[in-house]
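Notes to accompany the following structure.
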Amino acid sequence: MLGVNRRTVIEAFEELSAQGWIEIRPNSGTFVNTKLPIREAQSLHDHPPSGLAKLSNFSLRDDLDFLEKYTPHNLKGIKYVIDTGYPDVRIGPMREITSTLNGLMKSKQGRKMMNYAADFLGDALLRKALVNYLKETRCINASPDNIMVTRGSLNAFFCMFQVLLNPGDAVIVGTVSFKVANKIIRLVGGRLITVPVDEEGLDVDEIEKICAQQEVKAVFVMPHHHHPTTVTLNAERRMKLLMLAQQYGFAIVEDDYDYDFHYARNPILPMASADQNGTVVYVGSFSKTVAPGLRTGFIVAPQNVISEVSRVSRFIDCHGNTALERVIAMLLDEGIIRRHLKKALGVYESRRDHFCDLLLHELNDYVHFTPPKGGLAVWVQFREDIPVKEIRDAALGSGLKISDTVFQDSNGKTINAIRMGFGSLNEEEMTEAVRILKAEIQSYLGRK
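Okay, structure coming up:
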């Protein structure tokens, strides 16, 4: 009658029985359960299936307007992307990562790593490898107990500020700063106070004035390559900020997201390397140095801080990707990541030079910029009569997507500038991307 196999009917009856819709009475038959949750039968034709409801029948938190709504990236028809400073995964040590992971998974030890991890701080061998890595490259003298492995830097910031801030606590950031970190601070209840950023970095004198007037819980700083402007905090301001942190008892949260890519000279050592008083929380990541998809970062801080942060982290993620953390530890110990970084530094320096030459020779009449001493992006300020948003929107139709991150000054006015990444584009790609950008600028000016 139904046109289906007898076994299908039996499985349907078993499923109905398991869910409590029917009851099987021995020697009698199968009957509809007398204790159904629906009191009156309803025709299926009166309520055709339409999937889940679009709107909930309950209320949600109503103070999240400062967070952008998620919209999937539509790259259909897009040939080139100018991001905010991503690495090029095409030059990453993917073969080494794959072979090391394959070998680990075939071992008895690797299979054990598929279980729940016993250590909430991250893989013990990775933390041990990080101790040597941080000491040799950044002069940070830490122990494994000073380190917690995180799922990238954003996970680190979220856990760190959860532990650090009470609702309403003040956090000082740059007038233009890393927007995602700002939103995390607000999400956990922090109150943002902005100070100017000039060619020497954060205005530390202004920070001192603020601390004399009110309690400050933390200062968020990117001293090596400030995001988005790429400027470096000078030595005098670094030392004064450390002294102020000791004097006023605030934490310095140091985001060192692309320490390994500095071209003019040896990288300036992190503030954490000069911290003798437990004032700095240092956050690093392999997202820029190796690949964003690894989602592996780390926090370096006093032991009591790490202990508290781990208490929060275990309820967000339980533990990370233990096998992948072990792979990174092995690549560090074998020197593979060091060799990759040495090669990548040369590639990115060449791309930086080529991109700045393109900006100088093709867009010099339209933009102003300072070649960055490090990092994977250039802070490009457009002429006031060339609106970034309109140029960006027009470029989409020509196959060029430019980062849509919008920056504002302390008065809420949109800054007519873009952080333009060059790391993920080879020379041919960035040449074509700048050609499209120039054509859209000229087309806009021609229509005025």
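In the working numbering, the protein residues as written are 21 to 468.
Each residue gets a CB set at the ideal place from its N, CA and C atoms; glycine is no exception.
Nothing here was measured: the structure is a model prediction, and the numbers come from that model.
- When DSSP states are grouped into helix, strand and coil, Phe335 belongs to the helix group.
- For Leu145 and Asn161, the gap between their C-alpha atoms comes out near 17 Å.
- For the set Gly394, Gly221, Lys260, Gln182, the Cα lying nearest the Cα of Tyr277 is the one of Gly394.
- Under the rule that a run must span 3 or more residues, the beta strand (DSSP E) segments found entirely inside the region 196–236 read 211–215.
- Membership of Ala271 in the beta strand (DSSP E) is indicated by the continuous run 271–275.
- For the set Ile438, Glu256, Leu457, the Cα lying nearest the Cα of Val196 is the one of Ile438.
- In this structure, Val109 and Ala397 do not form a Cβ contact; the two beta carbons are roughly 16 Å apart against a cut-off of 8 Å.
- Cβ neighbours of Leu124 within its own chain (closer than 8 Å, five residues either side excluded): Gly130, Met133, Ala343, Arg346, Val347, Met350.
- For Phe318, the uninterrupted beta strand (DSSP E) run begins and ends at 317–320, by DSSP.
- Sorting Glu235, Tyr283, Ala284, Met291 by C-alpha distance to the C-alpha of Leu262 places Met291 at the top.
- In the DSSP assignment, Gln401 forms a beta bridge with His388, Ala437.
- For Ile348, there is no enclosing beta strand (DSSP E); the residue is found in the alpha helix (DSSP H) stretching over 342–353.
- Taking C-beta atoms as the reference points, Ile192 and Ile227 count as a pair closer than 7 Å.
- Around the CB of Ile456, 16 or more other CB atoms lie within 10 Å, so the residue is classed as buried.
- Sorting Gly112, Asp225, Thr91 by C-alpha distance to the C-alpha of Tyr368 places Gly112 at the top.
- The three-state reading of DSSP puts Thr28 in helix, counting H, G and I together.
- Secondary structure at Ala311: coil, using DSSP grouped into helix, strand and coil.
- Of the candidates Met168, Asp275, Asp218, Asp275 places its Cα closest to the Cα of Val200.
- By the Cβ-count criterion, Met440 is buried, with 16 or more other Cβ atoms from all chains shown falling within 10 Å of its own Cβ.
- Secondary-structure assignment with DSSP links Arg45 through a beta bridge to Gly49.
- Here the C-alpha atom of Thr252 lies approximately 21 Å from the C-alpha atom of Ile319.
- Under the three-state reduction of DSSP, Ser37 is assigned to helix.
- DSSP places Phe427 outside both helix and strand once states are collapsed to three, so it counts as coil.
- Annotation for Ala238: the continuous beta strand (DSSP E) segment containing it runs 238–241.
- Annotation: Val367 is outside any beta strand (DSSP E); the continuous alpha helix (DSSP H) that includes it extends over 356–382.
- Looking at the backbone, the Cα of Lys74 and that of Gly209 are separated by about 29 Å.
- According to DSSP, His282 shares a beta bridge with Gly394.
- Secondary structure of Lys421 (DSSP, three-state): strand.
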